[in-house]
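My numbering numbers the first residue of the sequence shown as 21 and each following residue consecutively. Even glycine gets a Cβ: it sits at the ideal position worked out from N, Cα and C. Predicted, not measured: the structure shown is a model, and the values here were computed from it.
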Amino acid sequence: MSVTGDDEDAGLRVGRPKDWAGGLPAVGNAMRIARREMGVARSTRTLLRVNQKDGFDCPGCAWPEGGHRSPAEFCENGAKAVAEEATTRRVTPEFFAAHPVGELAVRSDHWLGGQGRLTRPMHKPAGSDHYVPVSWEAAFEIIARELRALGGPDEAVFYTSGRTSNEAAFAYQLLVRRLGTNNLPDCSNMCHESSGSALTETLGIGKGTVSLDDLHRAELIFVVGQNPGTNHPRMLTALEKAKRGGARIIAVNPLPEAGLLRFKNPQHPSGLGRGTALADRFLQIRLNGDLALFQALSSLLLDSADRAFVEEHTHGFEDWERHLRGLDWDRVLAATGLTRAEVEETAADVRAAGSVVVCWAMGLTQHRNSVATIREVVNFLLLRGNVGRPGAGVCPVRGHSNVQGDRTMGIYEKPSAAFLDALGAEFGFEPPRRHGLDTVEAIRAMRDGRVKVFFGMGGNFVRATPDSAVTEAALRRTRLTVQVSTKLNRSHAVCGEEALILPTLGRTERDPGGYVTVEDSMGLVHASRGRLKAASPHLLPEVAIVCRLARAVLGDDPHVPWAEFERDYGAIRDRIARVIPGFEDFNARAPGGFALPNAPRDERRFPTATGRANFTVNELEVLEVPPGRLLLQTVRSHDQYNTTVYGLDDRYRGVRAGRRVVFVHPDDLAERGLADGDVVDLVSEWPDGERTAEGFRAISYPTARGCCAAYFPETNVLVPLDSVAETSNTPTSKSVVIRLVRADPRSPAGG
């Protein structure tokens, strides 16, 4: 399947990829988009508030701010995210009258997002192909009616994206558990769930163990399976600072990423010149070869283990060491695509470093063996005591602002007994104990008719999830879908028999309930205060939507003061302080910000099942690909954040005015009788059948041999629903077996 109704690839052009990121082009592009969406005065007023202590948290990534903040504390993609939300364009009831749902369903993600901010609650009645205006009271009654009609609370699913504030997330999970279910899937299920699973088992906490100062002080930094130049541009500033402090940086990735090669800091005079070369070593690894790499590095470093740390703080070292002694180097080299010399030279870098940080993102978390791979990263760090000391530790880089905070607030389908005990004691009820559905399980349940109501708190569920055809059919089988959103997206057009769109405030806008708080990627909690007037007088904050829905469904709830929560977010923070450890005196500390406790980092204490940091034995597997096939990884373009497509360029990779491209090594193209510029269909292969993404232009690109890359969400259709990571159940979007089939020249990218 494909969504190409706007023929946006007709002008596709491909040039040479860049070997640097940032600089004046980043400033120029950010300002151009900001002026287009907001105008000059509004852009200036709004952007100067981004990530400031008295301003609002960027609605883009979750990278932390340092103590000293520049007047322009945002990156190019942050400016795009703000402009997208603070746009002056509006989607009115007249728009929906002119555009039936069937038409919206074939429009591109870029076109849909470009229409502007939603302004009114909208209702698609059963049997209709049009949304019509509805009052808030009527909308809540429709939801309450459908929830009451269910055979049980587990027939509803309550999804959450990462942009929800701590206050809204806490109220939301409380409502869902008051209804009697733990069906709280979220976007973490599709990104860092593998990180959380591995880190909880090995270190006792499902988060990173480093601060921004640790990154600045590190002597050696690995950046693995990550493209900070596009996905977390402010991270490049931190890497530049570390580099100037003497750190070495090793980039591990199948694709050469411009930001890791050289960074021209637009806020520094050096950004006008050559900038700073970041990566001292580039390991162009084969997809899914990271576990083998870290096992090989550890095997070469056994003689330099920190024995005192291992004996005092860890468990399972002997079994792991015995396993490494039998490492098969032929399998290591087959899995990684590297030479033994490259691995040995990298091990020498590690041996010379007194402190090591390993950063990673989706390149590690979206494979079948992702949890095992991240456990192996932990083994590698534990071996030389690189956890719980300055300049060292694990650094999973979260994607969306407050995705980590949502999980801290209880947005999780498998809550701990301790959390449920505290929640129940605070609010005088018995929370449900049965584990709920994660994202993949929720899609299966909707597909099979076991879930009748889908409620989405933010995000774009249809485009964020795998196996697009299956997901869309599953949602269309429900009785009611509800989307709480700021902008139009495809999830509004792929809906249940009946559907609601509930428009909400954005981060940039003033909230009548007061300030909200968020948690960044390194466990720092801070306030966020929007300043703009609401895009429409008919918008409600997320907290108000949750609280009014609770009153509509539960009636007079003697245990939860929903009306007070809506009026005063401080009342919610008081309850959070009594339920969740680390949030004591929340209201007093929130304005200035504070760090949540982190036992491995702060105390070298590891709250695991053994009471120590756990070494684990993980089998090395070489991902076998049938002859003539390639391994596909899905990636973002530079004009994109998650499922939001700001524009049609990816200037760091040399792509302009189009998105339906596939990056393939020139030798892999030649072996298949294809040439640069040929149009191909991408066909994924899975035991239950084939899936096809049509009309992609093949680009000759210096990726690792046997590997290729293409943008999501266009290629999510290729990711089978049942192809998931062990333990975490995360879709395997970074290791999809595909073949390239020459396409009909009339297909979208063929012109």
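How many Å lie between residue i and residue j at the Cα?
i: ALA392; j: PHE94; result: 35 Å
i: GLU85; j: VAL407; result: 22 Å
i: ALA61; j: LYS553; result: 14 Å
i: ALA412; j: VAL377; result: 5 Å
i: ASN749; j: ASP688; result: 31 Å
i: HIS333; j: ARG625; result: 8 Å
i: PRO451; j: LEU443; result: 8 Å
i: ASP234; j: PRO410; result: 6 Å
i: ASN422; j: HIS335; result: 33 Å
i: GLY171; j: VAL538; result: 36 Å
i: LEU275; j: VAL152; result: 46 Å
i: VAL502; j: VAL675; result: 36 Å
i: LEU281; j: LYS261; result: 15 Å
i: ASN308; j: LEU643; result: 7 Å
i: THR64; j: SER324; result: 53 Å
i: GLY770; j: ILE431; result: Residue confidence for GLY770 is low, a pLDDT of 43 falling below 50, so the modelled location carries little weight and cannot support an answer.
i: SER90; j: THR66; result: 15 Å
Grouping DSSP H, G and I as helix and E and B as strand, with all else coil, what is residue i?
i: PRO416; result: strand
i: THR498; result: coil
i: ASN273; result: coil
i: VAL377; result: strand
i: PRO113; result: helix
i: PHE606; result: helix
i: PRO289; result: helix
i: GLN193; result: helix
i: PRO45; result: helix
i: THR664; result: strand
i: ALA763; result: coil
i: ILE758; result: strand
i: VAL23; result: Confidence at VAL23 is low in this model, with a pLDDT of 48, below 50, so the placement of that residue is unreliable and no value is reported for it.
i: LEU520; result: strand
i: ARG264; result: helix
i: PHE242; result: strand
i: ARG69; result: coil
i: THR428; result: helix
i: ASN399; result: helix
i: LEU694; result: coil
i: PHE635; result: coil
In the DSSP assignment, find the alpha helix (DSSP H) that holds residue i and state where it starts and stops.
i: TYR589; result: 589-599
i: VAL102; result: 96-105
i: GLU539; result: Element bounds for GLU539: not the alpha helix (DSSP H) but the beta strand (DSSP E), 536-539.
i: CYS567; result: 562-574
i: THR459; result: 459-467
i: GLU644; result: Premise fails: GLU644 is in no alpha helix (DSSP H) and is neither H nor E.
Checking 8 Å against the spacing of the C-beta atoms, do residue i and residue j come in under that value?
i: THR528; j: LEU559; result: no
i: VAL756; j: LEU741; result: no
i: ALA41; j: ALA99; result: no
i: LEU668; j: CYS728; result: no
i: ASN736; j: SER488; result: yes
i: VAL566; j: TYR179; result: no
i: THR229; j: LEU303; result: no
i: GLN246; j: GLY383; result: yes
i: ARG671; j: ASP129; result: no
i: GLY479; j: SER181; result: yes
i: ARG264; j: LEU240; result: no
Using CA atoms only, rank isn't needed, just tell me which of the options is closest to residue i.
i: ASP174; options: THR180, LEU204 and THR112; result: LEU204
i: GLU96; options: VAL47, ARG140, GLU644 and VAL70; result: VAL47
i: PRO646; options: GLU518, LEU760 and ALA158; result: LEU760
i: VAL563; options: TYR535, LYS263 and LEU544; result: TYR535
i: THR747; options: GLY80, GLU28 and LEU219; result: LEU219
i: VAL514; options: PHE481, LYS227 and ARG530; result: PHE481
i: ARG551; options: ASP708, ASP74 and ASP39; result: ASP74
i: PRO120; options: GLY602, GLY405, LYS144 and TRP131; result: LYS144
i: ARG656; options: ASN638, ALA633, VAL682 and GLY631; result: VAL682
i: VAL111; options: GLY469, GLN287 and LEU508; result: LEU508
i: ASN389; options: PRO617, ASP149 and VAL637; result: VAL637
Quick one: give me the first and last residue of the beta strand (DSSP E) that residue i is part of.
i: ASP701; result: 699-706
i: PHE777; result: Here the chain has residues from 21 to 771 only, and residue 777 is not among them.
i: MET142; result: 142-144
i: GLN653; result: 650-655
i: VAL545; result: 544-548
Output yes if chain D places a C-beta closer than 8 Å to the C-beta of residue i; else output no.
i: ARG237; result: No chain D appears in the structure shown, which is made up of a single protein chain.
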